[in-house]
Structures are given as structure tokens and as C-alpha cells.
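Under the working numbering, residue 283 is the last one in the sequence shown; the count climbs by one each step, no gaps. Positions of the beta carbon are idealized from the N, C-alpha and C atoms, including for glycine. Structure first, then comments.
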Amino acid sequence: MRLSKLLIFLLVASVFVFAQDNKDKKPEYGWKKETVGILNFSQTQFDNWTRGGENSWMIQADINAKFIKDMASYNWSSSAKLSYGMTQIGNENSKKAADEINLETVYTYKLLESINPYASATMRSQFTTGYDYTADPKVAISAFMDPGFFTESIGLSYTKGELLVVRLGAASKQTITDKYNGYTDDPATTEIEKTKIQFGMESNAELKWKITETILFNSKLLLFSDLSALNKVDVDWDNVFSAKIAEYIVVSYTFNLFYNNTFSKKRQIRQVLAVGLSYSLF
Numbered sequence: 002m003r004l005s006k007l008l009i010f011l012l013v014a015s016v017f018v019f020a021q022d023n024k025d026k027k028p029e030y031g032w033k034k035e036t037v038g039i040l041n042f043s044q045t046q047f048d049n050w051t052r053g054g055e056n057s058w059m060i061q062a063d064i065n066a067k068f069i070k071d072m073a074s075y076n077w078s079s080s081a082k083l084s085y086g087m088t089q090i091g092n093e094n095s096k097k098a099a100d101e102i103n104l105e106t107v108y109t110y111k112l113l114e115s116i117n118p119y120a121s122a123t124m125r126s127q128f129t130t131g132y133d134y135t136a137d138p139k140v141a142i143s144a145f146m147d148p149g150f151f152t153e154s155i156g157l158s159y160t161k162g163e164l165l166v167v168r169l170g171a172a173s174k175q176t177i178t179d180k181y182n183g184y185t186d187d188p189a190t191t192e193i194e195k196t197k198i199q200f201g202m203e204s205n206a207e208l209k210w211k212i213t214e215t216i217l218f219n220s221k222l223l224l225f226s227d228l229s230a231l232n233k234v235d236v237d238w239d240n241v242f243s244a245k246i247a248e249y250i251v252v253s254y255t256f257n258l259f260y261n262n263t264f265s266k267k268r269q270i271r272q273v274l275a276v277g278l279s280y281s282l283f
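In C-alpha cells, the structure reads:
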């Protein structure tokens, strides 16, 4: 798949360009904890305005948490990404603009300096019902744990300081549904399948580039390929460019790309440019 090859090339190229800024430091063993809450809000209001436009508002809340236990013989890293947002334009009903639950835990056993075996597990879903707003009336297409995605993987990881982590391994992926079976049903059978189990290969690359003390770029690329169709690759790529312009004020640009051949032949893209409040909870 050309798209997945391009994404991998971009991440690898970033490493070679910016790795020179990553200086070796003495290891600090123990727990590292970080939880950041972000609230973005925008509003447009008109009164006796004759140049066109509609009242609108948007609000989105994000929580990003990471807990890392780094020891001489192993590293255990767990993370959570939670996001929810709503928007309204004119007299239309409010619509969901963001909805994500993404949990991950990775255990790495240290054998070498940069390349080591790992085991990981992830869970992805959403909080509330999702709708197709292009239909009239709107049509429900997803809900909490409908679908829900679970992936377990074992393999080798490559670490370049705090700049880059790349994992490649054998994986098992389970997809569960209840009412909305587009991700699990096999059209070749007469029954409606509510679960789908796949075995394949998974690649996970995470880049964390601290450009300056106030500017940060995070990129996470997840690829999964079923052994029965190695030429079809599921892609989940998250990118966040953020700049802190005051103690609690952050400007951010988010780019998400999602592709799952089972559900849609087209890639899905979401982009958000926002100014909001950011606060480190602990």
C-alpha cells in the first residue's frame, strides 16, 4: 500500500534529521507520570449583521495521560488518550465533532541498548453514539464499544532516546460490535457476525520531537495487516503540533488519518486548528 509506505518514510526521515538534537543522558529509574487536560472553545455571534454568516460554537475537551516505570531491566509504559467535542452552526442541532477512547500498555524487556523484545495491548472505542449527518434524518452508525477494537502484539522494539520508538511484531486483533456490524460482518455468509478476529503483523511508530521549550510535535503511526491479505493495511495516524504561547494557553493543529479497508475503501481525514487552555493535572 503506497500510503503506508509514504507514512513510514516520513517518520524515518524525521529521525535522521532530528536525532542529532537528542543528547545522551544518564538514566533516571522509577515512575514518570504526566496527565494534561486541554479545553478548546470557539464562538461566532452575529447581531444585525448584513454581510452573511451564522452563529456557531465549538467545544472540545482532551485528556492525555502517560505512566512510565523505567527500570534497569525493563520499561512499562501505559497511556490514555480521551477526547470529546461538540459543535453547532446556525439553527441546526448540535453535532459530535470528536469522540475517542484510546488506551495502550507496553512492556519492554531490556536486552540491548536500542533493540529489545516487547509485549503490548491496546483498546480503542468511543464514548457516545455516532451519526451520519448527511442522511435526513441522521442515522446512527456507531456507539460505545460498538465497534470496539482490541490488539495484542509481541515483537521487537527500537528506541532512539525520547525522540522515537518503533515496534514491529506479530499481532492479534479483535473487533466487537453490537448493533453496527459494518466492521465485523462477512457479506459472504447469511449470518451477521458481531465479532471479527484477525492475525497479522503490526507496526507502531511514535515520534516525540521537542522543537523548542514551547513547541512540540507528536506523531503516532499504527499499521496492521491481516495475514490473509498482506496487501491491505489498516492505517491509524495521529499528528499533533502544539505551541505554548502563555502559561496556560496553547495553539494546536491536529491531523488524523484513518483507513480500514473492511469498512470503507476511502481514507478518512480529520483536521483541527484550535486555541485553548492546557493544564498539567500531575
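Beta-carbon separation of residue i and residue j under 9 Å?
| i | j | result |
| --- | --- | --- |
| residue 60 | residue 86 | yes |
| residue 121 | residue 205 | yes |
| residue 202 | residue 165 | no |
| residue 253 | residue 273 | yes |
| residue 361 | residue 57 | A query on residue 361 cannot be resolved here, the shown segment of the chain reaching from 2 to 283 and no further. |
| residue 186 | residue 180 | no |
| residue 184 | residue 264 | yes |
| residue 47 | residue 55 | yes |
| residue 167 | residue 160 | yes |
| residue 97 | residue 132 | yes |
Using a Cβ-Cβ cutoff of less than 6 Å, which residues in the same chain neighbour residue i once the five nearest sequence positions on both sides are dropped?
| i | result |
| --- | --- |
| residue 22 | Any reading at residue 22 is ruled out, since the residue's pLDDT is 48, under 50, leaving its predicted position unreliable. |
| residue 235 | 225 and 261 |
| residue 101 | 84 |
| residue 79 | 68 and 106 |
| residue 1 | Look at the range of the chain in this structure, 2 to 283, and you will see that residue 1 is not part of it. |
| residue 130 | 141 and 144 |
| residue 233 | 262 |
Which residue's Cα is closest to the Cα of residue i: the options?
| i | options | result |
| --- | --- | --- |
| residue 119 | 95, 270, 154 and 191 | 154 |
| residue 271 | 46, 164 and 241 | 241 |
| residue 277 | 268, 263 and 255 | 255 |
| residue 222 | 214, 212, 213 and 208 | 208 |
| residue 216 | 144, 103, 127 and 245 | 245 |
| residue 304 | 178, 66, 37 and 198 | Absent from the model: residue 304. The displayed extent of the chain is 2 to 283, so no value can be given. |
| residue 36 | 55, 268 and 82 | 82 |
Once you ignore the five residues that flank residue i on each side, which residues in its own chain have a CB closer than 7 Å to its CB?
| i | result |
| --- | --- |
| residue 192 | none |
Segments assigned beta strand (DSSP E), at least 3 residues, entirely inside the stretch 180 to 252
Whole beta strand (DSSP E) segments, 3+ residues: 196 to 211, 216 to 227 and 234 to 245.
Whole beta strand (DSSP E) elements within the stretch 93 to 134, 3-residue minimum
Entirely contained in the stretch 93 to 134, the beta strand (DSSP E) runs reaching 3 residues are, in chain order, 96 to 110, 116 to 126 and 131 to 133.
Contained alpha helix (DSSP H) runs [length at least 4] in the stretch 18 to 95, N- to C-terminal order
Listed in chain order, there is nothing to give.
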